[in-house]
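In our numbering, the protein residues as written are 224 to 451.
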Ligand code: DX5
Ligand code: ZN
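The following block contains the structure:
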């Protein structure tokens, strides 16, 4: 396939971390080789769960986290939280197109606040949301579970969807990362990489393991093996 190969990035989802020790948990996954910190924001409205907001993002920065923080907004409305998260130290901000009134405006708002912008696709969200947005996006996030909870099973139909997004990114000629989120494990990360993902969110598979470094290294080895 004729696309630029980007270094694979591993993004542990802190949803599965021990929240009572969050700073230490984030330090530990970064020391174990993680590339960015995936930060799941849920509002008990767009998704049936309630998690963490800008104060926690800011606390991680104050704790000394310098790695990129990848804020995945599962909230509606979206726009007023963009500024709050940018101020709190977010690096990447993604949102679901169904959750905002004006998708193009929300993407622009994320950029105005100096962050990288991503659009998130639920398993049943059609890719035509990319028709008029891909030229503005820094990354595309495909959900391989329905959003709301960690520890769910990877939905296999996402592999074909990954291939379709990868083709669109290649055709665009733009530098856009393709991130996958939900049910990613050592056992399936190779086929996910082969389908076109270059950025891998993993919550329970990393934080549920006793050895973070061994797990992240096993993930990287499986990705490298799939590229051969
Ligand atoms: C689900 C979240 C995911 C979740 C992934 O709505 O967006 O980031 O934490 O968890 P695992 O890797 O356990 O499926
Ligand atoms: Zn997520």
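We put the CB at the ideal spot given by N, CA and C, even for glycine.
Residue closest to residue 304, alpha-carbon to alpha-carbon, out of 375, 247, 280 and 368: 280
Span separating the alpha-carbon of residue 427 from that of residue 239: 5 angstroms
Contiguous beta strand (DSSP E) assignments of at least 3 residues, all confined to the region 315-397: Counting only runs of 3 or more residues that sit fully inside the region 315-397, the beta strand (DSSP E) segments are 315-318, 339-344 and 362-366, in chain order.
Contacts around residue 252, its chain only, beta-carbon distance under 7 angstroms, and the 5 residues preceding and following it disregarded: 235, 429 and 435
Proximity test, residue 273 beta-carbon vs the ligand DX5 heavy atom, cut-off 7 angstroms: no
Buried versus exposed, by CB contacts within 10 Å (16 or more), residue 268: exposed
Endpoints, alpha helix (DSSP H) assigned at residue 286: 277-286
Per-residue DSSP class, three states only, for residue 404: strand
Coil, strand or helix - residue 449 by DSSP: helix
Stretch pair the region 437-451 + the region 398-406: three plus CB contacts closer than 8 angstroms: no
Residue 295 beta carbon near the ligand DX5 (any heavy atom closer than 7 angstroms): yes
Bridge partner(s) assigned by DSSP for residue 412: Answer is none; residue 412 lacks a bridge partner.
Outcome for residue 257 when other beta-carbon atoms lying within 10 angstroms are tallied against a minimum of 16: buried
Inter-residue Cα distance where the pair is residue 410 and residue 336: 38 angstroms
Any non-hydrogen atom of the ligand DX5 within 7 angstroms of residue 405 CB: yes
Environment of residue 322 [buried if 16+ CB atoms lie within 10 Å]: buried
C-beta contact flag for residue 260 and residue 276 at 8 angstroms: no
According to DSSP, residues forming a beta bridge with residue 423: According to DSSP, residue 423 bridges with 233 and 403.
Where the alpha helix (DSSP H) through residue 308 begins and ends: 302-310
Beta-carbon proximity check, residue 365 vs residue 341, cutoff 8 angstroms: no
Any non-hydrogen atom of the ligand DX5 closer than 7 angstroms to residue 382 Cβ: no
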